Structure formats: structure tokens, C-alpha cells
Amino acid sequence: MIAAPAMLSSVLALAQGPLDAQAAPELRWAGLALLLPLVSGVLCLLCGWLKVRSKLPAALTIAALGGAFATILRLQGVVGETPVVINLFDWISWTWGDGSRFHGFTANVDLYVDRLTVFWMLFVTGLGTLIALYASEYMESDVGKGYTRFFGAVSIFLFAMGCLVMGGNLVMLYLGWEGVGLASYLLIGYYFTKPEAVAAAKKAFIVNRIGDLGLALALFLTWQCYGTVEYAALWKAIEAAPASSEWTAQAIPWLLMLGAFGKSAQLPLYVWLPDAMEGPTPVSALIHAATMVTAGVYLIARMFPLFIVNPDALAAVAWVGGLTALLAATIGMAQYDMKRIWAYSTISQLGYMFLGLGVGTTFGASYHVFTHAFFKALLFLTAGAVMHGFAGQLDIRKLSGLLKVPGFRLVSLLAVLGCFWLAAFPFTAAFFSKDEILVSAFTAKDERVHVLGWIGLVVAALTAYYTFRVGFRVFFGPVKYEPGDEHHGHDDHDHAHGGHDANASHGGHAQHGQHAQHGHHGEFHPHGPRWAIRVPLVLIAVGAILAGWPSYRTMLDHDAPNWVKTQVAQSSAYQGAPAGDHATHGGHDAVSHDAAHADHADDAHADHEHLVLGMDAHTAVGRLGSLACIAGILVSLYLHLINRGAADALRRALMGSIATRWIVVGAERKWMVDEFYDWVIRLPLRLVANILSAIDELLLDAGIVNGLGALPAAVGRIFRPLYGGVVQGYAVTMAGGVALVAAWVIWIWLRGAN
Amino acid sequence: MVDMSQTVALLAPEIVLFVASMLVAVLGLSRSTGIRSLVPWVCVAALVGSILALDAVWTPERIQGARLLFPMLGKYGKALIALIGIGLVAVSAGSIDRRYEEAVARGRASFDALRVVRGEYYAFLLLSLTGAMLVMSAPDLIWLFLGLELVSLPTYIMVAVARTGRRSMEAAMKYFFLGALATAVTLYGFAMLYGATGTMQLIAMRDVLAEQAAGPGLSTTALLGTILTVLGLCFKLAAVPMHFYAPDVYEGAPLPVTAFLSFTPKIAGFSALITVLGAVGWSGHAMVDHDGVRIAYEGLPQPVTAVLWMVAALTMVLGNIGGILQTSLKRTLAYSSIANSGYMLVGVIVGPKGGIGAMYLFMLGYGVMTIATFGVLAALERKGEEVDSFESLAGLRAAHPGLAFLLTVSALSLLGVPPLFGALAKIVLVFVAFEGGQASLAAVLLLNTAIGAVYYLRFVGAAVVNPQNAKSQEVVAIPHWWPKTAAIVAGLGLIVLPAFLSRLVDASATTVDGYVDLGEAVASETER
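Residue numbers (our numbering), protein chains in the order written: chain L, 52 to 805; chain B, -11 to 516.
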């Protein structure tokens, strides 16, 4: 029996994987975290076919994501120190030869559930649910075709992200990786009638191709070096031969790094992320700030056993992270579009995370991912609420004093809260996570990365400055605003989405005209958000505050374990082997050393060796970090609230002198990196492409291809007389063929036989 | 001794289909339109019933009693036939008798039991499927021959009966005459095999041939018999040198019959081929060369391998090259059918160590792709006629985006674009060919896949890329949901099945479970 029953049982198995008896029953249902978003994605597709014009797709998506979140919450309760592999169904399982190592390739649809997996999925699904709820109101002017497309893509994104994080092997990670790339492409290009959005979607996709090439090659090399791409078997293989000097084994972390830099927008592949802000704001919050862009951090954390044995690769990660943080912060200081500033701050914060990974504190990096996910989602969503209410206005020069605009009080307060968190104000959650990274940078065993600690402190000051540049300008000061020229999000008009929807009705266009008049006559009334936007905002703000809870608890009680650290420590991200397998500790010198750094209890001991300005690293970083933050905020306070004219005067002064002019122009024009890529990569490529195209047309197409193409046809014509259509002819040819074969066989083989 | 009742019980799936075919023949003559429209449903029910019956009766004890060379072949193979058969019924259901039924419904014609062909058509369809199933459980050559004839004879009539007109008559006559010629060749081969071994029983024949192989090698008569059988069966497979009829007959036959012809005789032919080759054995033969030196080698007897190699390579090349020049969709698909037979022959050459399993896996994919492609074409019509030119397909995307998508999926799957199922089945086949030491054939296969792109991509180009023209604007969907449903299910199957690849590879590998090769028989002989 084939197909039908097999398929049915496999679909059921998707939700319920077979497990050994002693495993907790909750683990059986881990597959739901993947299945539910997939189902809602398919249902959204159906809604599209059935031309549903209600908020049903949003309800489906929110319900599915909520269900996935609940599944993960249950998993958090039961997952232990040892990782569990849950087989959903067998997919690829091939062996050849004797089936030993290197004579087989297995990539089944497995889930690899350890505490790191659950930790990551917790905020992915949790924030996903809240942001989907937010989007149900934010996108409501598109109800109909676009609405369905949007939520379908969000469901696909969560499904793919689940594959990426929960997959039990690199093939599933890769599929998830491509899946989130696809969802990201679809959502950046959501307003596909807008040329900028299409260009941005393409740019994101193409830049990510470069990174994905690295990931694909790393996958091949991993199989070649270790004979498996399944995590469980891979850790064993690495344990057996930790430091291979083969160039292929050495290349794996570098290639993985390339993949991570693409997805997580690091130097030199960061250029796609700012443009990705063309997508709807909930997407910017969910995909391009909180979750997808942290996939690179997850990749390196998950594959940390491969990095630990390669200090050069780790140092490179640290340097790329540190420099990206600095570069993005300087660009962020000189931008005027609120969403773009937050985009550059995302790149900068991701740089911190990679710095953390590079100096060996996967805990610090993961902790920063966690805190950042909340406050950055909060900042984007408040920016979205402002955009929603002010007709797409995001220019910080044209918005002021929103705190006093009716209906925007809550949004403004939450945005300012987010600013404090992003600036890593003392005793906020981000303060602790950033602290963890910088302390590790100062105390790392590798001398080459110590200077990155100082760079990190400078970036902290810059971050505080540009964050509050937005905060003070937009939310404080005198009330003054100009509406933007877009009108999406004007739900009070209740009209079709004329500007962006290619299929807009005539009614939609008429409304558009009316609306434009509104704007010109200064009758614009900003409208505040309703509950579906307010509730997620408040909940995410609460999450941002509570994200610091693990550290508060440790502050109060030094013996209390930091929850995030427990989560990360009991996974492959920490020890080079799954937690609980204590036998491996002795084998990994470098590992236990790095592990010690992240451990508060051992910090005091470790820090004595690394004095910073005569203090132990922990105290020094705490004080210097606070100082940097407060200094940045004070400068911002003066330039952007107390005396706004001074900022313009400063810019004029800097522009006036030829010696300092480059600073302003460079930062405002994003250090010309896009232009640089245009000249160095795109232009030569285009030239080569043109030359090749000419060669192709003149030589290949005309000569070889057409010739080759004509060859089979010509050969076909030779045989054509045989297919004349006369049955006697066919009979003779067939009988002749049989006779010919028989004669051939007898002539060659049977001549001498009996 | 063979327990007769057990053997009969094993035939439950065939019996279900046979009874249903009689029932259908009667129902199709009913005066009531409602009862006549029940006919396809009865066919589908019978096919589902035969799958269930298969599952129920296929127990180890019964198989033991039946003394089959490939005891487990029927389990996978018959389920495959019934499953694809359901799709073939669905492809037929919209078009067979439709004109006449419409005329009756509108009162333009009165019902005439002599003019309605629905009953006969479905009865013959089920009988032909029954024959294909019988081939899979043949214990001896006579059974095998009768099974093969039961596959072919109904198809000759189906070509003629389903559409009135000179071209289908011509196609039917051609098919019948050339089929008779090929059958004669097969029968000649069977006679020589009997002459060489003195038995019709396949297992006994294997044992006799094993004795010969252990000595100086197979006798000339046995070798020539095998080769003539192979060549005769090539007609069923539409393989060189018996492929000439395929383009003419496929083009002349009505579209659903073309779909039927490109699957049912093929699976029956391949099953018969491996049954006969199974008696000869893949594991080790020897030849005495001109100087009287005994040379041992692996695989089938060398002349048989050489013939199969040539047949496979030529079938692939001529099939794909022939496909390039065509403008008729059905002719193109005929050449595609020829080429696909060549691919599957690679699996036959490799033999029971993976090859046959890969062949049946590919057969599953080929069946699903056939249903998807023909389902789309059967769901369309132009001025009441079948759609049979690339020109008429132009711009299908604009008029029928769903059908255009399905056609694209099936064409890309036939071409072998991952991750569609056709590609993965082909990759498994290539993999097995390399494993089995047939690297050169694998190379020919890959090269031919590239040539095939020329005409498979023409389907995609016509349906998706080209703009509508005057001719294609007249193409409309037929008012029946059967073919469309078949195309949708099959097309989605091509997308979904790759997820179950591992399971399907295992399932298709069970076809050779329990087969004892000649070499192993020799070994056990010497032990005794």
C-alpha cells in the first residue's frame, strides 16, 4: 500500500511525533508550533481564493501564532537539560556502500529541542502573536486582497522561522532560512506598486543570496568533514575530532559567518536592512528588528562548537560586530526618517550581539537578542502608530511634541520608554545585556578584541545621543506637525486603499482626491490608535521591562541563577556539547574558559586579571556605560530640546569648515557605502554582463546554441521518413529492427557457442 | 502443491475489477441519464475496492502458496495501478460520450443504446487494468501472455470506440496490426524459452537456467528467447525498435485514451519484462568465448545487457529528439512517453538491487505526471474539439491561471526540476544507475534530460509566457469537474509527494522482496 494511508499518517505525525516512553507527553506536541502557522498560512491562501473581505485572515493568524506560543510555553515547562530530538516524519534517509559514516545522508523532518531552541521560540512566537494583533488594526485599510496576502506571508514567516530554530539538522535550518528570506521578500515588497518597495525587496533578496551561498557551502562542507548534518550526531562527531586542521573544516565557521552576516545585516552585507523599511511597519518590527535578523546570531550560537575551536573566526566575528555597531551608529545620528534611524540602530545593536558572540559570551549575545527584541519592537510599533495617525509622516523635523497631542499620550510615553531601553539607561534590561557583552570584550582571553570594548562604549554614547535625538524632537517640545502625503492607515475614512492597491476601485481614487484636499486646507486631524494597537504596545512594553528581570533577580540575590543564562548554558551554544553531558568539559579548555566569563559567580575571580582603568572590568563597564549613556542623553537634551537652533548651528558650523565637512556629509549620505557598492561591484558586473551578453548574442546564440539546438532537430529530420504513417512501413521497420538486433547478438556472442 | 483456493483469493483485486467491468457495461446502456452518469463512480469505487481487497488478501501464507517469482511485486504494483487508474477514469469522465449525452439532454437526439459507448469504454478500461494486475501475479508464461493480451485487446477497441472519426479508426487499426506483430515476437521468445528449459513455470525455469548458468552459461535458445521476449515487450513500453506506432496512435486516439495508453501498457510491459528477466537472473553469468575460455561477469547475461543497453539509450535519444519537432501536444507527449520508458529501462538493467524499486518509484511519478498533464488538457476544449497544439495553449495563464499552473508543474516535473516529484524520482534512478555500475547510462539519461527541456519547456512557455492569440482565445474549460479535479490532485501530489520521498523509496523497494535471484538459487543448490 502506498501514498494515501502513508500520507494521512504522516500528516497526523506532523502534529504528534513518536517519542520514547520516558519523555514528557508535552514534547509530542512540539510539532504544533510549526504546524499551526503552516495551517493558518494555507487557510489565508484559501481566503485569498475565496476573496474573503473581512478580518478573518488576521484572526486565523493570531489564533495560530497564539497556539504556537502556548505550545512553546508548555515546552519551556518540560524541556530538561538534555536536548530532545523529536522525529516528525522521515524525509531523506539514504545510505550507500556499507552505510557507515560518510556513506549516508540523513535529513529527516526532526525537531531539536533544547533550552536554546525554546528560549528563541518563546520571544519569536510571543512577539509574533502581539505584532499580528497590532497589524490587524494597522493594516485594516487594506482589508481584502492585500490583508490576506499580508497575513499569509506573516504565517509563512513564523512557520519558516520555526523550521529554522527548531529544525533538527542543517537542511531544515537552511530551508527555514530561505523561507524567512522569502517571507521577508514578500513583505518588503508588500506595496508592490511602489517602485522603492520593489527595489528594496529585490535588494534584500539579492544581498541575502551572497550570505546564503556561504551557508549552503558550509552545509556541504559540514557533511564532508563530519559526515552528518544532524545536530545530535554532529556534536558527537566534533567531540571525537574537535580541531581538524583540514582547510575544509577550517572554512566552515567562516562560511557560516558569511550567512549570518547576510541575514543579520552586518558589514559588509548590511545595506539591505535600511531599505527594508519600505515594508509595512509591523513587518519592520517583527521581521526586520525582533526576530528574523537575529537568525544569524542563532546560527552562530547553535553552531558554536564549530567556532570555539577556531579563535581566528571568533575574533573576526567580534571585529565585524564591533565595527558594524560603530558604523551604523554614526549613520543613525544623521538620518531624519524615524524608521530608518531605528533600522540603523537595529544594525548597530546586532553588531553588539555579534561582538558578544565573537568574545565568547553566547549568553550575553542571546540576552541582548532577547531584550532588544522587546524594546526594538516597541520602538517600531510606536513609530508605526505615529505613521498610522499622521498619514505616513516619519520625518523627525516635521513632528514635534506628540506627548501633548490627544490620543498619542500613551504611544509617546511608551516610545520614550523604548528610547531609555535602547539607550541602555542604567538598570534597564538592555543595560544589563550590553554590560555582559562589554565585560566579556574587556576580559576576553584573546587580546585582539580588547579594544572592541572601548569601541562598544563609544557606540553606547552615540546610541544614547541618536535615540534621544528622535525622542526629544518627536515627543517633547512644542506641538507641531505636518501630515505625510500617504493616506494608508486612515481608517476613519473607511475607503479602499487607493494609493497602493493596483486594483483600487474608482471610489478609492475619488477618496484619494478628497483626502489630498483635506491635507492642503490644513484640516488634518491625527487620529489615535484603538485597542488592537494599544494592547500589544502595552504588553510589549511590559515585556521590555520584564526582560531585565533575570538580572534584577541576580542583583538582589547573588546566588540566584540568571534565567537566560540557564537557558543558553544548557544547549550547544555554550559548551561545545549538549548540556548535561559533563564528560565533555575537560576536553574543551577554551570552552570552559569562556564559560567562566559569563558566569557571575566566577566573574570576580576572572576580572582581577583584567583591570580596566584600575577597577575590575565589571564595575568599570557598569560605570563607564552609565556615563556614556547619560552624556549622550544630555548632549541630545541640549541640542534637540532645550536649544534646537544649536543643532542646526552646529551642523552649519561643521559644514562650513572643509576639515569637518566630510563628517556631516558622510554620515548623512550613509558613508556612501551604497554608492561604493554600485561603483565597485554593480558597475563592473554590469560591464562584464554587457560584454558577455554581446558575446552570447554574437557568438554563442548565433553559432553554438542555435547550431546545437538545430542539431537534434536535424537528426530528428533524418529519422522522419521512418514515421511516414503507413502501417506497412512501420511493420517492416519494427520487424527489421528485431531482425537486426537478433543478427547482432548472434554475430557477436553466439557464433562460437554450442 | 499449489492450493487453488489460495491462488484465487490472491486474485481478489482482479475479481473486483472484473465484476465491476461487467456491471459498468450494463449500467452504461441504461435509458436513465442518472444511472449512466453513475458509471465513472462505479469505476472509482471498484478501483478503491480493489486496493482494499489487495490489502486484505495479500498475506504471507497465500503468497507462499502462489509460487511467484516476485512475490511482493503485486502489493505495490497493483495498488499503483489502481491508484493511477482512478486518475485515468477521472481524466476520461469529462469527455467520453459527452457530445452525445449533451445532444440527448437537449433533446436534439433520442437515446439509442447502440450509439452510446460509455458502458463499453469503462468496461474495457477496467478490463485492461485487470490485465495489468494479472501480469504482476503471473506464475508461468501462459498466464503472463494472457495477462498481456488482456491489457492490449481492450485498448485497441478503446482507441476506436471513444471517438468516431477516421483518424481514431486509423490509429486503432495501426495499433492493432503492429500490436499483433509485436505479440508474435513475444510469443516466439516465450516458445524458445520453453524449448530451452522444458517448463512454463517461471520458478522452475529459473532453476533450470541456474543449472545452465552454473555450467557453460545459458544456451543459445534461452538467450535468443530472452532477447526476442524483450524486443516484443518493447511494443508495450513504446521503446525502440517497437516505438514507431506511438506518435501516430497517441495522436489519433482520443485524449483520455492517450493518457491511458501512456500508462497502463507501460506498467504491464515493465512488470512482464522484469518477470521474464527475473527467471534469467541479474546475479552473475558466464560465457564461453570463441577460444573456449569461461568468462564470468555480473548482472544479466552479456548479450541481454547489451541489447537492453542499446534499447534504453536509443529509446531515450530518439524519444527526446523526436519530441523537439512536434507541434501536436499529443505527439509531443507520445515522444515524452517513449523517452520516459528509456529512463525506466535503466532501472531494469540495474536489477533488483535498487534498480527495480527505482523504476517503480519513477513509474509512480510518471503516472501522477501523466494524470496531471492529460487532466489539464482534457479539461480544455476549443470549438468542441480537443486542444492539441501549442498554439492553442498560448496565454493559458490569463484565461485559466489554475490550469496553467498545474500544466507548468507537471511539465517541470517531467523535465526534472527539483523539488518536484519527477525530479527526485529521476535523481533516485540516476543514483541507482551509478551504484549499479551503469554510469554511462546514467550519463546518457542526464544528457537526455537536458534535450527533453526543449519540448517540456515549450509547454511552460506556451501556457505562461506567450500572450493569447486568436486561436487560444477560443479555448474554454469543459463543463465537467472530473478532469480538473484529477489534474489538481495529481499536480499537488507532485508538490507534496517529495516530503514522503523516503517512505515511497522504501515502499517501491518492497517490489523485489522475496525474489531469489538465479545466482542465489545456484548458491543454495550447491549447498544442498
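The beta carbon of each residue, even a glycine, is placed where N, CA and C say it ideally should be.
Keep in mind it's a predicted model, so treat the numbers as computed, not measured.
Among the options, the one whose alpha carbon lies nearest that of residue i
| i | options | result |
| --- | --- | --- |
| L:V789 | B:D501, B:A227, B:L417, B:M121 | B:A227 |
| L:E229 | L:G262, L:W274, L:Y198 | L:G262 |
| B:V364 | B:A260, B:V397, B:P142 | B:V397 |
| B:V14 | B:L68, B:V105, B:A0 | B:V105 |
| B:I145 | B:V237, B:Y109, B:G266, B:T185 | B:Y109 |
| L:E487 | L:F414, L:I382, L:L432, L:T514 | L:F414 |
| L:P134 | L:A284, L:G402, L:C680, L:Y241 | L:A284 |
| B:T214 | B:A97, B:T293, B:F223, B:P242 | B:T293 |
| L:V322 | L:V672, L:W505, L:K253 | L:K253 |
| L:V175 | L:I123, L:N159, L:L736 | L:I123 |
Minimum Cβ-Cβ distance from residue i to chain B less than 8 Å
| i | result |
| --- | --- |
| L:S144 | yes |
| L:W855 | Given a span of 52 to 805 for chain L in the structure shown, any question on residue 855 of chain L remains unanswerable. |
| L:T784 | yes |
| L:N554 | With a pLDDT of only 39 at L:N554, under the threshold of 50, the placement of this residue in the model should not be trusted, and no figure is reported. |
| L:D141 | yes |
| L:Y277 | no |
| L:A634 | Any reading at L:A634 needs caution, since the residue's pLDDT is 33, under 50, leaving its predicted position unreliable; the model's value is listed next. Not one chain B Cβ lies under 8 Å of L:A634. |
| L:W147 | yes |
| L:Y225 | no |
| L:V792 | yes |
| L:G788 | yes |
Straight-line gap, residue i to residue j (C-alpha atoms, nearest Å)
| i | j | result |
| --- | --- | --- |
| L:D610 | L:P477 | 22 Å |
| L:V437 | L:P325 | 19 Å |
| B:R194 | B:A168 | 28 Å |
| B:H468 | B:A474 | 11 Å |
| L:G528 | L:L692 | 6 Å |
| B:N436 | B:I326 | 12 Å |
| B:F178 | L:Y277 | 53 Å |
| L:D640 | L:A511 | Annotation note: pLDDT 36 at L:D640 (below 50); position unreliable, coordinate value reported separately. Near 32 Å, if we compare the C-alpha coordinates of L:A511 and L:D640. |
| L:F727 | L:L266 | 25 Å |
| L:H659 | L:M666 | With a pLDDT of 46 at L:H659, under the threshold of 50, the modelled position of this residue cannot be trusted; read the value that follows with caution. Roughly 9 Å separates the two Cα atoms. |
Residues bridged to residue i (per DSSP)
| i | result |
| --- | --- |
| B:H273 | B:Y285 |
| L:L464 | BP columns for L:L464 are empty, so no partner. |
| L:I137 | L:L162 |
| L:N220 | L:E281 |
| B:D279 | Note: B:D279 sits in no beta bridge, so no partner. |
| B:A465 | B:L368 |
| B:Q52 | Beta-bridge pairing links B:Q52 to no other residue. |
| L:L450 | L:Y532 |
| B:E373 | B:R370 |
| L:T157 | L:S144 |
| B:Q189 | B:D128 |
Within 8 Å, strictly: CB atoms of residue i and residue j
| i | j | result |
| --- | --- | --- |
| L:M343 | L:M172 | no |
| L:F208 | L:A234 | yes |
| L:S463 | L:L450 | no |
| L:A442 | L:G535 | yes |
| L:I591 | L:L181 | yes |
| L:Y395 | L:H419 | no |
| L:V348 | L:S399 | no |
Check: residue i C-beta below 7 Å from any heavy atom of the ligand ATP
| i | result |
| --- | --- |
| B:L489 | In terms of ligand content, the structure shown is empty, and the ligand ATP therefore cannot be addressed. |
Short CB-CB distance (under 8 Å) between residue i and chain L
| i | result |
| --- | --- |
| B:Q426 | no |
| B:P244 | no |
| B:G310 | yes |
| B:S490 | yes |
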